[in-house]
Amino acid sequence: MKKLRILILEDSAADAELAMDELQEAGIAFVSEIVERRDAFIKALEEFSPDIILSDYSLPSFDGLSALEIARAKSPDTPFIFVSGAMGEETAIEFLQKGATDYVLKNRLSRLGPAVSRALHEAEAKKERRRAEEELREASFYARSLIEASIDPLVTIDAGGRIADVNQATETITGFSREQLIGSSFPDYFTEPEKAQKAYEEVFSKGFVRDYPLEIWHASGRTTPVHYNASLVRNEAGDVKCVFAAARDITERVSAEKRILANNELLRQLTWELVMAEERERRNIAVDLHDNIGQTLAITKMKVEFLLEQSARCGLGDSVAEIRDMMEQSIRQTRSLMKDISPSVLYELGFAEAVEWLGEQISSQHGLRVVVKKDAKIPAIDEEVQILLFRAVRELLLNIVKHAGAKRASILLQKSGGSIKITVQDDGTGFDASAIDRASKRGGGFGLLSIRERISYIGGRFEIGTGKGQGACICLSAPRKSRKQTLREGKKK
C-alpha cells in the first residue's frame with residue numbers, strides 16, 4: 265500500500281515529533297519531510313510532492329499564511345492543515361476562508377489523525393467531483409458539437425411548448441438568432457401553427473412523431489418544407505424533461521416529386537394523344553375501306569351478277585358464280601374488318617348500343633355468352649371518353665375469352681351523377697390481382713395496367729375483385745365529359 269507523503273512546516277523538532285507520533289498512533293502509514301524556511305518549503309512542494317501539508321502558524325523566518333498562499337498557488341488540490349500552539353477563533357476562520365482545510369491546536373493533537381483522514385477524504389471527493397465536472401463539460405461540448413454539426417434544424421422544447429435551445433441550422437432556416445428563438449413559442453415558426461401544435465401534442469401522446477409534414481417560415485417570408493421528427497426526453501426517474509425535435513429540409517425531394525409528377529402527367533398526356541391519334545387513323549381507314557374498297561367491291565359484284573346472267577348461254581355460269589361468291593365473301597370480310605378497326609355503331613348510335621353490339625359479336629365469334637344490362641337512358645358521353653371505354657370493355661372481354669375459361673360474362677352499365685360506371689364480371693377461373701403486371705403482359709393489347717392508366721388519366725377509377733377459382737369482377741368508372749371539354753367549360757365560366 266502506498267504511504268502517505270506529509271510535508272511538515274515546523275521550526276520545533278519536538279512538536280514535529282509529537283505530530284508524527286500521533287499520526288502513527290492513528291494508524292496512518294506515511295513518509296514525511298520537515299522544513300522551516302520558505303525556500304525549503306517551495307522546493308519540497310515541487311520535489312517531494314506531498315499528499316497533505318501540516319503547518320505551524322508562526323515561525324521565526326516564515327509564517328503559515330504565506331505558506332498557505334504558496335501552496336494554494338503551486339498545489340491547489342493538496343490539503344493544508346494548520347497545527348499551532350495558539351490560534352484565536354477569528355484567525356482560524358480567516359485561514360479557513362483563505363483556503364486552509366482545517367486547524368488543530370497542539371494541545372489537542374488527538375484530533376490530528378481524524379483531521380488528516382477527513383482532509384484526505386474531502387480532497388479525494390473534490391478531485392472526483394472536479395473530474396466528473398470535467399467529463400460532463402467534455403460530454404456537453406461533444407454533444408453541442410454534434411448538434412451544431414447537424415445540417416438539420418434541431419430544437420429543444422420545454423413542457424410548455426417554449427423553445428429552450430436551438431442549433432445554428434435552426435437560426436439559418438428561420439432567420440432569427442438563438443437569443444430571439446429561446447423562450448418563444450415553438451408553433452409560431454410554422455406556416456400552420458395549429459398543425460405544428462398538434463404534432464407537438466402528438467409527441468406527448470405517442471412518445472414520438474416521425475416524418476410529420478410541415479412548412480417553416482423564414483423572417484424574410486420564404487418557406488421551407490420539412491419533415492418534423494420528435495421524441496420525449498426523460499430523466500432517470502422517468503419524468504418528462506423536454507421534447508427534442510429535428511426538422512429535415514425536403515425542398516429537393518418535393519421539387520423532385522413535382523418534376524416526376526409533371527413528367528408522368530406529360531407522359532400520360534402524350535400516351536392519350538397517341539391513343540386518340542391511333543383511333544382517328546382507325547376511323548380514317550374504316551371510312552376509306554367503306555368509301556373506296558367497299559364501294560368498288562359492291563360495284564364489281566353487281567357487274568359479276570350481270571355477267572352471270574349472260575354466261576349461262578356460253579357454259580361459263582359455274583365459274584362466274586364462283587367469282588360472285590368470292591366477291592360476296594370479300595365484301596363480308598371488308599365489313600367485318602371495318603367494324604373491328606372502328607365500329608360505326610359507336611359513332612352512329614352511341615356507347616350503350618355499341619357495347620350491346622360488342623357483346624353480340626363476342627358471343628357469335630367466340631362462344632362466350634355475354635349479357636348486357638344497362639340503366640334506362642344512359643346519358644351522352646364525350647367521343648374521346650366513349651372511345652376509351654369501348655376499347656377497355658373490348659379488351660376485358662377478349663381477356664376473358666383468352667384466359668378466364670369462362671362460359672358466361674356480364675356487363676352492367678350504370679349512370680352515376682356526372683360519371684358512368686361499367687362492371688364486367690365472369691364466371692371463370694379468376695387470377696391473382698397482385699400479379700397484375702404479369703397478367704397484363706400475357707393479355708396483350710391494352711392490358712390491365714394500360715387500362716388503369718388511361719382510366720386514371722381521364723379522372724376515372726379502375727377496381728379489380730378476383731381470386732383463384734372465384735371469377736373476376738372489374739369495375740370502371742369515368743366522367744362522361746373529357747378533360748379537354750371540362751377545361752373548356754371552366755374557361756367559359
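Residues 265 to 757 in this note's numbering are what the sequence shown lists, from first letter to last. All C-beta atoms, glycine included, are put in the ideal place defined by N, C-alpha and C.
Residue j beta carbon less than 7 Å from that of residue i
i, j, result
"residue 728", "residue 738", "yes"
"residue 678", "residue 685", "yes"
"residue 622", "residue 658", "yes"
"residue 460", "residue 468", "no"
"residue 319", "residue 328", "yes"
"residue 494", "residue 417", "no"
"residue 634", "residue 642", "no"
"residue 268", "residue 294", "yes"
"residue 572", "residue 585", "yes"
"residue 377", "residue 290", "yes"
"residue 331", "residue 305", "yes"
"residue 656", "residue 690", "no"
"residue 765", "residue 513", "Shown here, the chain extends from 265 to 757; a query on residue 765 therefore has no answer."
"residue 719", "residue 543", "no"
"residue 673", "residue 638", "no"
"residue 654", "residue 713", "no"
"residue 682", "residue 743", "yes"
"residue 636", "residue 620", "yes"
Rounded straight-line distance, which links the Cα of residue j to that of residue i
i, j, result
"residue 307", "residue 335", "11 Å"
"residue 451", "residue 397", "35 Å"
"residue 607", "residue 476", "53 Å"
"residue 565", "residue 588", "6 Å"
"residue 560", "residue 618", "27 Å"
"residue 443", "residue 420", "14 Å"
"residue 704", "residue 527", "A caution first: residue 704 carries a pLDDT of 49, below 50, which makes its placement in the model unreliable, though a value can still be read off. Straight-line Cα distance between these residues: approximately 23 Å."
"residue 287", "residue 342", "18 Å"
"residue 281", "residue 394", "35 Å"
"residue 509", "residue 492", "7 Å"
"residue 285", "residue 428", "59 Å"
"residue 715", "residue 726", "8 Å"
"residue 594", "residue 548", "20 Å"
"residue 811", "residue 661", "Outside the shown range of the chain, which is 265 to 757, sits residue 811, and nothing can be said about it."
"residue 709", "residue 471", "Interpretation of residue 709 is limited by its pLDDT of 40, a score under 50 that renders its predicted location unreliable; no figure is taken from the coordinates."
"residue 441", "residue 422", "18 Å"
"residue 736", "residue 478", "43 Å"
"residue 501", "residue 400", "20 Å"
"residue 741", "residue 675", "13 Å"
"residue 431", "residue 362", "42 Å"
"residue 538", "residue 438", "48 Å"
"residue 717", "residue 724", "9 Å"
"residue 381", "residue 316", "10 Å"
"residue 333", "residue 404", "33 Å"
"residue 517", "residue 480", "16 Å"
Close Cβ partners of residue i (< 7 Å) along its chain, the five nearest in sequence each way excluded
i, result
"residue 379", "345, 366, 368"
"residue 648", "540, 746"
"residue 557", "598"
"residue 568", "584, 587, 588, 591"
"residue 283", "272, 318, 347, 373, 376"
"residue 274", "280, 298, 300, 320"
"residue 263", "Summary: the structure shown does not reach residue 263, with the chain confined to residues 265 through 757, and so no result is reported for it."
"residue 276", "none"
Other residues of its chain near residue i: CB distance less than 8 Å, five sequence neighbours each side excluded
i, result
"residue 733", "693, 694"
"residue 553", "598, 601, 602, 605"
"residue 425", "449, 450, 451, 461, 464"
"residue 292", "268, 377, 380, 381"
"residue 386", "343, 365"
Cut-off 6 Å between Cβ atoms - residues of its own chain near residue i, not counting five sequence neighbours on either side
i, result
"residue 457", "451"
"residue 665", "630, 632"
"residue 707", "At residue 707 the pLDDT is 46, less than 50, meaning the model places this residue with poor confidence and gives no usable figure here."
"residue 349", "370"
Practice task
Kindly provide the ranges of any alpha helix (DSSP H) runs that are 4 or more residues long and lie completely inside the segment 397-458, ordered along the chain.
Solution key: 432-438, 442-445
Handout entry: Uninterrupted alpha helix (DSSP H) stretches inside the segment 637-723 (no shorter than 4 residues)
Key = 647-663, 700-707, 711-721
Practice task
Assess, as a yes-or-no matter, whether the segment 476-491 is touched by the segment 395-415 under the definition of 3 or more beta carbon pairs within less than 8 Å.
Solution key: no
Handout entry: Cβ pair count under 8 Å reaching 3, the segment 316-329 against the segment 410-419
Key = no
Practice task
Kindly provide the ranges of any alpha helix (DSSP H) runs that are 4 or more residues long and lie completely inside the segment 508-554, ordered along the chain.
Solution key: 515-552
Exercise for the section: Quick one: which unbroken alpha helix (DSSP H) runs of 4-plus residues sit fully inside the segment 282-313? Chain order, please. Expected result: 302-311
Practice task
Enumerate, from N- to C-terminal direction, the unbroken alpha helix (DSSP H) stretches of 4 or more residues contained entirely within the segment 347-388.
Solution key: 353-361
Problem - alpha helix (DSSP H) runs wholly inside the segment 455-501, at least 4 long, in chain order - result: 457-470
Exercise for the section: Go through the segment 557-589 residue by residue and report every complete run of the beta strand (DSSP E) that reaches 3 residues or more, in order. Expected result: none
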